[in-house]
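Protein chains: 2
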Amino acid sequence: MQVSGGDLQRLRQLNSLSSIRALREAREPLTLTELSARTGLSRASVVDVVTDLEQRGWIAEVPPAPGAMGRPAKRYRFRSDAGHVLGIDVGVHKVLAVITDLAGRIVASGRVAVDRHTAQRERLEAVWRAVDAALVAAGLGASDMWGVTAGSTGVVNREGLVTMVNDLPDWPGVDLVGHLGQRLACPITIENDSKLAALAEQRLGVAAGVQHLVYLHVGRRPGAALIIDGRLYHGFSGATGEVGLMEITGWSTMAGRLESGPAAKGAAPEEAARQVFGAARAGDLEAQAAVDAYARHLALGTAAMVLTLDPELVVLGGGFSRSADVLLPALRRALEPHCVRVPDIRPSTLGEECVALGGACLALDHVDDRFFSLEGSISSPAAPQRAS
Amino acid sequence: MQVSGGDLQRLRQLNSLSSIRALREAREPLTLTELSARTGLSRASVVDVVTDLEQRGWIAEVPPAPGAMGRPAKRYRFRSDAGHVLGIDVGVHKVLAVITDLAGRIVASGRVAVDRHTAQRERLEAVWRAVDAALVAAGLGASDMWGVTAGSTGVVNREGLVTMVNDLPDWPGVDLVGHLGQRLACPITIENDSKLAALAEQRLGVAAGVQHLVYLHVGRRPGAALIIDGRLYHGFSGATGEVGLMEITGWSTMAGRLESGPAAKGAAPEEAARQVFGAARAGDLEAQAAVDAYARHLALGTAAMVLTLDPELVVLGGGFSRSADVLLPALRRALEPHCVRVPDIRPSTLGEECVALGGACLALDHVDDRFFSLEGSISSPAAPQRAS
DNA sequence: TCCTTTATGAAGGTCTCCATAGATAGTCAC
DNA sequence: GTGACTATCTATGGAGACCTTCATAAAGGA
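Taken in order, these protein sequences are the chains called A and B.
For the first sequence, counting from 1, position 140 maps to 132 in my numbering; every step adds exactly one.
For the second sequence, counting from 1, position 115 maps to 107 in my numbering; every step adds exactly one.
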């Protein structure tokens, strides 16, 4: 919608961007004729633009496709290896760093195990170990990163500060941006982990292309994230999807009750839920009742969000989503009395990498935002630097 | 974000649009030098663009401002009288048609009284009477309208059909688009009335410029509308903000209890609420208790939306908002136990024209969307025609 | 080998924007 | 009233980017 305009060089810039975008979205090499059709430019102009972009290093020529009639056409591809972004999942039990290229393909990753008793300082050191491992595996340096997004539990406010954390006592207030900024000069974003998982599902997972969705993190600490109009939604202060804070939903206690009820048979907390879901799957009536009770509470908060937002899809993620075969039908039944139209509900398809992947997606989004709203001229590919 | 590019004529088009936008947003005449600064174009190019736009009728020259040094500069203004849009409030008790120019200034309006017993056919005829009155008052014809948006109670789905109406038994399924299309050739949109009221408040009222807000329609039929990222939010099927459908909120009965409780002293339903609020204002303890009970129920549904969306602002509209001095503090108190951060709450400032005004705003948005994403060339101002 | 098909490369023309310089029409000071 | 000052207006020339056209090149198939 933003009308820009400008002089001839600006026009050339727009046409270059439009060519780069066409090549990138095609995901396979394009001939000059195809590119001309997609950009709406004349063939001669496309030749000019492409020559320029190839010299600068944004695109590369690939061998012509054999077996066609007529003179073989030159083909070009977007050089998605021109830059890379980093997504980091700073979790309770692990730190996972994922490096992707500009096309979002995973190039390398690094993983370090931690636990809920790991102190802030050690956890932050684990971040560097995971990042370094990923950099080594990718054969890249810190200065090759074009953008970084780290996911953390807790509410992340507008300034990137972490507040309201349940699991880790010394985590609130941690300055992740400052920490990452010690060795990374590129733009850095911090984001809530559920939000990143939601974004990953919407880009690469079960919700690919869905515009409006509610992501339910079902696990020992339930949570929710929203994608609205295809974009991650932050609200005014970052505390969105927090409907579980209403006592009436019972979200703060429902997981504990599931794990400590008679159907859990006294298993350790980490295992109890899985055991209850397993028993319910096997036909244990007591376990089924416990799952139903859990689903009814989950449905209260979910219905509040669904009725508010009328999403197309609800994605079930988090630890309990591994038992979606049991939990999902129970949730659907529990939602029906509340909703006019129960939306589609699907279990997440991405595994435990989803938060780090979502981080990479968001970092890529920010790279795109800067690139496609560029004011200056198109130079060679290079890592953007933080303003501060 | 949409990269367009194209040939020289497209560049000229972009620069023309950018000039038109600058002139329109300035809301006062601009000299060529000022326009050159705002668009980033050279003076000479601005002369070209402006000459062309003036010939086509998009802008007009105004007398130079006196009293300045140097040769007096020519000044130009956007011709907001080049086109008009129509906003219609098809309400239970009235039909109100408002005509605004392209700057959103009200040019004329027409109003016809109806009531809850008016049949669909008569209500639709009342729509034409109100529209004709507005057209006559504006000195315009139906073909001068560039866009129409009508607001109706009930859920309005993607196709513009009205479903789920409480107040009017024969209203569901009414084909307002078809009805208006009989005499209006321009694009027609149907929208839920609360959504339009919310939009009006966000554009012209108490929520001017707020990006994320929840609009609460408090009245005998409570409802809600959402504005997210500065845009009206529809969700997947149009049924957003319907938390009141959850039994647990008590939204379906809370107004009735307020009106039929002892504090109402047996007044007629239409008057009872006003009486209760008045008594509460005067210090009547029983009435205050009734208002508090109402606010607690209202807060349940409101908290669900606020916790979900974390809006900057909640706007209180609808009939009961005339008693905001009593209701608003009670609502704020009732929200506090539920919310981490109680958002700002303000009563609506627009009067009973808000729905029709919101309709005009939305129609203008659609005109803008078409205009600024134009693929062809810029011709003279003319009413767009429906595709069908 | 020739023909068809498709892509390439160069030339000429058009459009838009920019920079520069001189002309113009006001205000301000005397 | 006259002259200085100032900001704008008008006209001209030049540069950049795009388009169209046409001759040329390279492959497969008859």
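We put the CB at the ideal spot given by N, CA and C, even for glycine.
On a predicted model such as this, the values are computed, not experimentally measured, just so you know.
Close beta carbons around residue i, own chain, < 6 Å, minus the five adjacent residues each side
{"i": "A95(A)", "result": "S72"}
{"i": "A408(B)", "result": "Shown here, chain B extends from -7 to 380; a query on residue 408(B) therefore has no answer."}
{"i": "A189(A)", "result": "G309, C346, V347 and G350"}
{"i": "A231(A)", "result": "V147"}
{"i": "D93(A)", "result": "S72, D73, H76 and V99"}
{"i": "A217(B)", "result": "S186, K187, A190, Y207 and G233"}
Any C-beta of chain B under 8 Å from that of residue i
{"i": "H358(A)", "result": "no"}
{"i": "H204(A)", "result": "yes"}
{"i": "T31(A)", "result": "yes"}
{"i": "I370(A)", "result": "no"}
{"i": "D221(A)", "result": "yes"}
{"i": "Y68(A)", "result": "no"}
{"i": "Y207(A)", "result": "no"}
{"i": "R333(A)", "result": "yes"}
{"i": "S229(A)", "result": "yes"}
Min CB distance residue i to chain A below 8 Å
{"i": "N7(B)", "result": "yes"}
{"i": "H330(B)", "result": "yes"}
{"i": "G233(B)", "result": "yes"}
{"i": "L237(B)", "result": "yes"}
{"i": "R113(B)", "result": "no"}
{"i": "I240(B)", "result": "yes"}
Beta-carbon contacts of residue i that lie in its chain and below 7 Å, excluding the five residues immediately before and after
{"i": "A282(B)", "result": "L250, G253, A255 and V268"}
{"i": "K66(A)", "result": "T23, L24, E53 and P56"}
{"i": "P179(B)", "result": "G139, H358, P376 and R378"}
{"i": "R28(A)", "result": "The residue asked about is misnamed: residue 28(A) is Ser in this sequence, not Arg. Hits under 7 Å: S34, R35 and V38."}
{"i": "A279(B)", "result": "A255, V268, A271 and A272"}
{"i": "N149(B)", "result": "T155, S229 and G230"}
Short Cβ contact (8 Å threshold) for residue i with residue j
{"i": "G79(B)", "j": "A352(B)", "result": "yes"}
{"i": "F70(B)", "j": "R35(B)", "result": "no"}
{"i": "G(-3)(A)", "j": "L6(B)", "result": "yes"}
{"i": "A296(B)", "j": "M156(A)", "result": "no"}
{"i": "A227(B)", "j": "H204(A)", "result": "For the sequence presented, residue 227(B) should be read as Gly rather than Ala. Contact: yes."}
{"i": "A105(A)", "j": "K86(A)", "result": "yes"}
{"i": "I370(A)", "j": "R48(A)", "result": "yes"}
{"i": "L327(A)", "j": "V334(A)", "result": "yes"}
{"i": "A74(A)", "j": "P373(A)", "result": "yes"}
{"i": "M137(B)", "j": "V77(B)", "result": "yes"}
{"i": "D162(A)", "j": "A111(A)", "result": "yes"}
{"i": "E193(A)", "j": "T141(A)", "result": "no"}
{"i": "V298(B)", "j": "A199(B)", "result": "no"}
{"i": "D221(A)", "j": "D221(B)", "result": "yes"}
Given residue i as reference, the closest of the options once Cα atoms are compared
{"i": "D336(A)", "options": "E345(A), L305(A), R63(A) and A355(A)", "result": "L305(A)"}
{"i": "R63(A)", "options": "A52(A), D40(A), T23(A) and R69(A)", "result": "T23(A)"}
{"i": "R30(A)", "options": "R13(A), T43(A) and A36(A)", "result": "R13(A)"}
{"i": "G139(B)", "options": "L356(B), A379(B), A74(B) and D361(B)", "result": "L356(B)"}
{"i": "V235(A)", "options": "A260(A), Y207(A) and E114(A)", "result": "Y207(A)"}
{"i": "V38(A)", "options": "R19(A), F364(A) and L3(A)", "result": "L3(A)"}
{"i": "M246(A)", "options": "E278(A), A291(A) and G270(A)", "result": "A291(A)"}
{"i": "W120(A)", "options": "S28(A), D360(A), R175(A) and H289(A)", "result": "R175(A)"}
{"i": "G233(B)", "options": "T300(A), E46(A) and T145(A)", "result": "T300(A)"}
{"i": "A322(B)", "options": "P303(B), V332(B), T341(B) and T294(B)", "result": "T294(B)"}
{"i": "L45(A)", "options": "L9(A), G152(A) and H330(A)", "result": "L9(A)"}
{"i": "Y68(B)", "options": "V84(B), D81(B), W50(B) and P58(B)", "result": "W50(B)"}
{"i": "G173(B)", "options": "A192(B), G152(B) and L191(B)", "result": "G152(B)"}
{"i": "H330(B)", "options": "E278(A), G242(A), C331(A) and G311(A)", "result": "G242(A)"}
{"i": "L116(A)", "options": "R97(A), A89(A) and E263(A)", "result": "A89(A)"}
{"i": "R108(B)", "options": "D40(B), N158(B) and A264(B)", "result": "N158(B)"}
{"i": "S186(B)", "options": "V169(B), D124(B), G201(B) and H209(B)", "result": "H209(B)"}
{"i": "I240(A)", "options": "H289(A), R223(A) and S313(A)", "result": "H289(A)"}
Checklist entry - If you measure beta-carbon to beta-carbon, which residues of the region 178 to 198 of chain B are closer than 7 Å to chain A? => result none
Checklist entry - Going along the region 303 to 327 of chain B in order, which residues come within less than 8 Å of chain A, judged by CB to CB distance? => result P303 and E304
Next on the checklist: Using a Cβ-Cβ cutoff of 7 Å, what residues of the region 277 to 306 of chain A are near chain B? List them in chain order.
Outcome noted: A295, A296, M297, L299, T300, L301, D302, P303 and E304
Item to check | Short-range partners of chain A found in the region 79 to 92 of chain B, where Cβ spacing is below 8 Å | outcome: none
Checklist entry - Which residues, in order along the region -3 to 25 of chain B, keep a beta-carbon less than 7 Å from a beta-carbon of chain A? => result G(-3), G(-2), L3, L6, N7, L9, S10 and R13
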